[in-house]
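S.K.: A single structure is presented below for examination.
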Amino acid sequence: MSALAAPNEVVTKALLRQVNVPGLDRPAALITLDNGFDHTKPNTFGPAGLTSLDEAITAALAADPAFIAVTGKPYIFCVGADIVGLPQLADRAQALEIGRLGHRVFARLKDSTVPTFAFVNGAAMGGGLELALHCHYRTLSGGAAALALPEVSLGLVPGWGGTQLLPNLIGIPAATQVIIQNPLMQNKMLKPKQAAELGIADVLLEPADFLERSLEWAAGVVRGQVSVTRPEVDKDMWAGVLYFARETLNQRLHGAVPAAYKALDLLETAKDGDFAAGTAAEDEALADLVFSEELRSGLYAFDLVQRRAKRPAGAPDKGLARPVTKVGIVGAGLMASQLALLFARRLQVPVVMTDLDQSRVDKGVGYVHTQIEKAVTKGRMDKGTAAKLYGLVSGTVDKSAFADADFVIEAVFEDLGVKKQVWAELEKIVSPEAVLATNTSSLSITEMAAELEHPERVVGFHFFNPVAVLPLLEIVRGERTDDATLATAFAVGKQLKKSSVLVKDAPAFVVNRLLTRFLGTVFAAVDAGTPLEVANSALDPLGLPMRPLALLQLVGPAVAYHVGGTLHTAYPDRFGVSENLKRIADSGQPIVVDEKVNEEVAKLLVVGDQPLTAEQVRQNALDALAQEIRLMLDEGVVAEAQDIDLCMILGAGWPFHLGGVTPYLDRTGTSERVTGQRFLPRGAASLPA
Numbered sequence: 020m021s022a023l024a025a026p027n028e029v030v031t032k033a034l035l036r037q038v039n040v041p042g043l044d045r046p047a048a049l050i051t052l053d054n055g056f057d058h059t060k061p062n063t064f065g066p067a068g069l070t071s072l073d074e075a076i077t078a079a080l081a082a083d084p085a086f087i088a089v090t091g092k093p094y095i096f097c098v099g100a101d102i103v104g105l106p107q108l109a110d111r112a113q114a115l116e117i118g119r120l121g122h123r124v125f126a127r128l129k130d131s132t133v134p135t136f137a138f139v140n141g142a143a144m145g146g147g148l149e150l151a152l153h154c155h156y157r158t159l160s161g162g163a164a165a166l167a168l169p170e171v172s173l174g175l176v177p178g179w180g181g182t183q184l185l186p187n188l189i190g191i192p193a194a195t196q197v198i199i200q201n202p203l204m205q206n207k208m209l210k211p212k213q214a215a216e217l218g219i220a221d222v223l224l225e226p227a228d229f230l231e232r233s234l235e236w237a238a239g240v241v242r243g244q245v246s247v248t249r250p251e252v253d254k255d256m257w258a259g260v261l262y263f264a265r266e267t268l269n270q271r272l273h274g275a276v277p278a279a280y281k282a283l284d285l286l287e288t289a290k291d292g293d294f295a296a297g298t299a300a301e302d303e304a305l306a307d308l309v310f311s312e313e314l315r316s317g318l319y320a321f322d323l324v325q326r327r328a329k330r331p332a333g334a335p336d337k338g339l340a341r342p343v344t345k346v347g348i349v350g351a352g353l354m355a356s357q358l359a360l361l362f363a364r365r366l367q368v369p370v371v372m373t374d375l376d377q378s379r380v381d382k383g384v385g386y387v388h389t390q391i392e393k394a395v396t397k398g399r400m401d402k403g404t405a406a407k408l409y410g411l412v413s414g415t416v417d418k419s420a421f422a423d424a425d426f427v428i429e430a431v432f433e434d435l436g437v438k439k440q441v442w443a444e445l446e447k448i449v450s451p452e453a454v455l456a457t458n459t460s461s462l463s464i465t466e467m468a469a470e471l472e473h474p475e476r477v478v479g480f481h482f483f484n485p486v487a488v489l490p491l492l493e494i495v496r497g498e499r500t501d502d503a504t505l506a507t508a509f510a511v512g513k514q515l516k517k518s519s520v521l522v523k524d525a526p527a528f529v530v531n532r533l534l535t536r537f538l539g540t541v542f543a544a545v546d547a548g549t550p551l552e553v554a555n556s557a558l559d560p561l562g563l564p565m566r567p568l569a570l571l572q573l574v575g576p577a578v579a580y581h582v583g584g585t586l587h588t589a590y591p592d593r594f595g596v597s598e599n600l601k602r603i604a605d606s607g608q609p610i611v612v613d614e615k616v617n618e619e620v621a622k623l624l625v626v627g628d629q630p631l632t633a634e635q636v637r638q639n640a641l642d643a644l645a646q647e648i649r650l651m652l653d654e655g656v657v658a659e660a661q662d663i664d665l666c667m668i669l670g671a672g673w674p675f676h677l678g679g680v681t682p683y684l685d686r687t688g689t690s691e692r693v694t695g696q697r698f699l700p701r702g703a704a705s706l707p708a
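The working numbering runs 19 ahead of the 1-based position in the sequence shown.
Here it is, written out as structure tokens:
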């Protein structure tokens, strides 16, 4: 064990106690996992934590209990391996040993002659969920925050039995979803009801008296009064499901995420049910992946999302924030309506929308009501909450309704003159302390506020579409934005459950500037004569969430052309204006149909006679990103390269295995070749030298 000692491990102790349960002739052994901190620092397993669990199981068995149950501290079962310690592993042998240790300890619960139960009282992820899977039976609290096997998103695989146990419990289609598909979909988590429906838990219980009910249920199982039946797993469909999953991965990732393919191989091994062989294969896969560049990028990205996103660099003292008791929204279109629903749900304060005429206002309020009704129908919202939200959201054509609003955000047409007119009109109505926020995607906050009496209370508040899904919020400080306004913006962003990044007032800010440069480079290749299909597939080796033309279609050619024009005005040497893009926008035709280039659109283009290869298109795009990021850092658009990566992960869905963007540019040598230096120190998001 000394070779595995982790000096910085926050040890999760396995605390054993005997519990008398009515109806049983001897006590049960209850093991509670607890690292000594509250729920904000979840239980994890490092070498010492696994040893503590091992010792607790030994002591429990020695007491000859009626059954053994494992549960967690309040709100947390266990969120898996202590990934902070992974980069400290010195060699492959150590990685193998940590895998084998977890397997050996967990298997004691699986192989026990005494009945074993997992009382999953809270969040259970990775190795925590794998621990539960090793138990003979599982109860699950309806209040558990999330359940998942997220390892593939980091560049790992479930390495403590998950790939072998889960498919043989819930079937290969559902297991493939949980182990591969969900992690690659922005690390999607399971709600307790979903997990129970899949068969991960045997019974779903209310959180209020979860432990008491779990003990009663377990006693019923031990006495034979409660029968647990599980559907038979269909082994005939195993090969077909995995073939389809592999084809889907090839189409989407093109080999870019080794962990996803390793997971597929392990799921294939699980079919035969040789648990020892399967777990040995998990050990080998884990040892291979621990020393991969993708894992180091994944751990770096995970740290950004879990830590840096919660402590925004440059944010002012939160004590300066003003209370927000009413929100005004200028506009009632789709974006404005999405914002109205979000503000009402999260802030629980009155939200009023305005627009030019009553029909637009009614349509906006109607959209909000429809979304609330859908949430109730799908069981995502109770009727009481819905009734409250109905009362909070209103609309009017009279902007005087904003007189007592503390926070007003506009979501009107992306035109500087229009936005300046809106603020000039509103400044006469709202109080001097009211924060004026703009959802602009590219325009200058400073220029927008220049002619106002109180320009210090104008701030950029740039959401990403769809508002309810993408977690990034770019908070943009104009030249005269004061600390109180900025602090209020960050406080509101936190209430909205968004991850906020402080951005300097520069054209298109972070995500849109980089995506515009990226797409502009790809489209420049099209203008030069590169076939659309070649340009579209050129970036496949990166495993991005969308191909360039699909992304362009999502953004909208007209919007992309408009933003491109704004950036061309600011930086004409780096941002071109493609007339072909305007032709596509004017045609109104989709660029991509069923993931294939629309041939009718291709006929509209006027192109040159110097086509590029896919490799040339890809390298040009990466070179452009490296150059633009270095310029943005030199300009102070954000504090550090880490903020660029955080923005690309949360606002553009760029994957963890790239670390956002800068680790990939570093490890491919692009950063140094283009800019003369790396963005991050060697070893920060990559293997040590």
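Positions of the beta carbon are idealized from the N, C-alpha and C atoms, including for glycine.
Could you check whether the region 681–690 touches the region 489–506, counting it as contact only if at least three pairs of C-beta atoms, one from each stretch, sit closer than 8 angstroms?
M.R.: The region 681–690 is not in contact with the region 489–506.
S.K.: For the beta strand (DSSP E) containing Tyr580, name the first residue and the last one.
M.R.: From DSSP, Tyr580 is part of no beta strand (DSSP E) but of the alpha helix (DSSP H) over 576–589.
S.K.: Closest to Glu303 by C-alpha separation, out of Asp664, Ala137, Gly180, Glu429, would be which residue?
M.R.: Gly180
S.K.: In terms of residues, what are the limits of the beta strand (DSSP E) holding Cys154?
M.R.: Run containing Cys154: none; DSSP gives neither H nor E here.
S.K.: Quick check on the DSSP output: the alpha helix (DSSP H) that includes Asp685 runs from which residue to which?
M.R.: 681–686
S.K.: In terms of residues, what are the limits of the alpha helix (DSSP H) holding Glu659?
M.R.: Premise fails: Glu659 is in no alpha helix (DSSP H) and is neither H nor E.
S.K.: On the three-state DSSP scale, how would you describe Leu49?
M.R.: Judged by DSSP in its simplified three-state form, Leu49 adopts strand.
S.K.: In terms of residues, what are the limits of the beta strand (DSSP E) holding Val260?
M.R.: Not the beta strand (DSSP E): Val260 falls in the alpha helix (DSSP H), residues 257–272.
S.K.: Does the Cβ of Ser705 have 16 or more other Cβ atoms within 10 Å, making it buried, or fewer, making it exposed?
M.R.: buried
S.K.: Looking at C-alpha atoms only, which residue of Gly347, Gln367, Leu624, Gln696 is the closest neighbour of Val709?
M.R.: The displayed coordinates of the chain run from 20 to 708. Any statement about residue 709 would go beyond what the structure contains.
S.K.: Give the straight-line distance between the Cα atoms of Arg157 and Glu149, rounded to the nearest whole angstrom.
M.R.: 12 angstroms
S.K.: Are three or more beta carbon pairs between the region 529–539 and the region 584–604 nearer than 8 angstroms?
M.R.: Yes, they touch.
S.K.: Rounded to whole angstroms, what's the CA-CA distance from Arg499 to Pro474? Just pull it up for me.
M.R.: 6 angstroms
S.K.: Would you say Asn62 and Thr90 are within 8 angstroms of each other, going by their C-beta atoms?
M.R.: Asn62 is not a Cβ neighbour of Thr90, given a cutoff of 8 angstroms.
S.K.: Return the CA-CA distance between Leu188 and Arg249, expressed in angstroms with no decimal places.
M.R.: 8 angstroms
S.K.: If we ignore side chains and look at the alpha-carbon of each, how far apart do Gly145 and Gly178 end up?
M.R.: 9 angstroms
S.K.: How far does the beta strand (DSSP E) with Arg219 in it extend, from its first residue to its last?
M.R.: Here the sequence assigns Ile to residue 219, which means Arg is not the residue at that position. No beta strand (DSSP E) holds Ile219; DSSP gives it neither H nor E.
S.K.: Should Ala351 go down as buried or exposed, given a rule of 16 or more other Cβ atoms within 10 Å for buried?
M.R.: buried
S.K.: Please classify Glu691: does DSSP put it in a helix, a strand, or coil?
M.R.: Secondary structure of Glu691 (DSSP, three-state): helix.
S.K.: For Ser21, which residues from the same chain have a beta carbon less than 8 angstroms from its beta carbon, with the 5 sequence-adjacent residues on both sides left out?
M.R.: Reliability of the predicted coordinates at Ser21 is poor, the pLDDT of 40 falling under 50, and no value is obtained from them.
S.K.: If you draw a straight line from the alpha carbon of Thr195 to that of Asn206, how long is it in whole angstroms?
M.R.: For Thr195 and Asn206, the distance between alpha carbons rounds to 14 angstroms.
S.K.: Going residue by residue through the region 508–566, where are the continuous alpha helix (DSSP H) segments of at least 4 residues, counting only ones entirely within it?
M.R.: 530–547, 551–556
S.K.: What does the alpha-carbon distance come out to for the pair Leu669 and Val520?
M.R.: 10 angstroms
S.K.: Rounded to whole angstroms, what is the Cα-Cα separation between His388 and Val693?
M.R.: 51 angstroms
S.K.: Comparing C-alpha positions only, which one of Leu644, Asp44, Ala469 sits nearest to Val680?
M.R.: Leu644
S.K.: Taking Val241 as part of the beta strand (DSSP E), name the residues at either end of that continuous run.
M.R.: That residue, Val241, is in no beta strand (DSSP E); its alpha helix (DSSP H) goes 229–242.
S.K.: Are at least three pairs of beta-carbons, each pair with one atom in the region 385–401 and one in the region 427–446, less than 8 angstroms apart?
M.R.: Verdict: no, contact absent.
S.K.: When the Cα of Val349 is compared with those of Asp642, Ile76, Val241, Val371, which residue comes out closest?
M.R.: Val371
S.K.: Consult DSSP for Glu446 and reduce its assignment to one of helix, strand or coil.
M.R.: If DSSP states are grouped into helix, strand and coil, Glu446 belongs with the helices.
S.K.: Could you compute how far the alpha carbon of Trp257 sits from the alpha carbon of Leu185?
M.R.: 13 angstroms
S.K.: Along the chain, where does the beta strand (DSSP E) containing Met372 start, and where does it finish?
M.R.: 370–373
S.K.: Alpha carbon to alpha carbon, how far is His273 from Leu558?
M.R.: 10 angstroms
S.K.: Roughly how many angstroms lie between the CA atoms of Gly436 and Ser460, to the nearest whole one?
M.R.: 15 angstroms
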